[in-house]
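First up is the structure itself, then whatever we jot down about it.
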Amino acid sequence: MQTELTQALSELKKNHLKVTKQRKALLGCLLQNQDHYHDVTLVDEYMRKQFPGMSHNTIYRNIKEFEEAGMVEQQVQGDHARVKYQCDFRHLHHHHFICQNCGKVTELKECPMDVFEAQLPGYDIVGHRIELYGICPDCQKLLAK
47 MQTELTQALS
57 ELKKNHLKVT
67 KQRKALLGCL
77 LQNQDHYHDV
87 TLVDEYMRKQ
97 FPGMSHNTIY
107 RNIKEFEEAG
117 MVEQQVQGDH
127 ARVKYQCDFR
137 HLHHHHFICQ
147 NCGKVTELKE
157 CPMDVFEAQL
167 PGYDIVGHRI
177 ELYGICPDCQ
187 KLLAK
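Letter by letter, the sequence shown follows residues 47 to 191 in this note's numbering.
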């Protein structure tokens, strides 16, 4: 995890974000389980235990700054937000399979956008996000027992 933290701190600097003990702790929290989304409210609770005087706004602002810098990915469903550390800085554009049982996130290597673009001639697509949901092989084995 130390290598990932060193890389994350380097990304902070590259994006002109100051390295603070709070940001290091936030990155450490997200790095603990890189292949899962973290509920933002639980991240907030963790950070406020570490830094009792830290405001909710500061925590959410840092998460937003990390997202804008491409360091975290955020998933929002209604008023429920989750966040995960961006694990591959060489391939910022990617999609996920998310296990509905354990929450494990598996990165998909290919993007099917050309299929959609072919169906939308003349349209200007400015962004997209593709997430597939189901049950991972490990959970399928556990559930079959």
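For glycine and all other residues, C-beta sits at the position ideal for the given N, C-alpha and C.
Looking at the DSSP output, residue 169 sits in no beta bridge, so it has no partner there. CA-CA distance, residue 84 to residue 65, rounds to 22 Å. In the DSSP assignment, residue 152 forms a beta bridge with 143. Comparing alpha-carbon positions, the option among 82, 102 and 71 lying closest to residue 120 turns out to be 82. Excluding the 5 residues flanking it on each side, residue 117 has same chain C-beta neighbours closer than 6 Å at 57 and 132, in chain order. Within a 10 Å sphere around the beta-carbon of residue 122 sit fewer than 16 other beta-carbons, which makes this residue exposed. In its chain, beyond the 5 residues on either side, 71 have a beta carbon closer than 6 Å to the beta carbon of residue 96. Selection 73, 142 and 157 evaluated against residue 180 yields 142 as nearest (Cα-Cα). About 12 Å separates the beta carbon of residue 113 from that of residue 63, a gap too long to meet the 8 Å contact definition.
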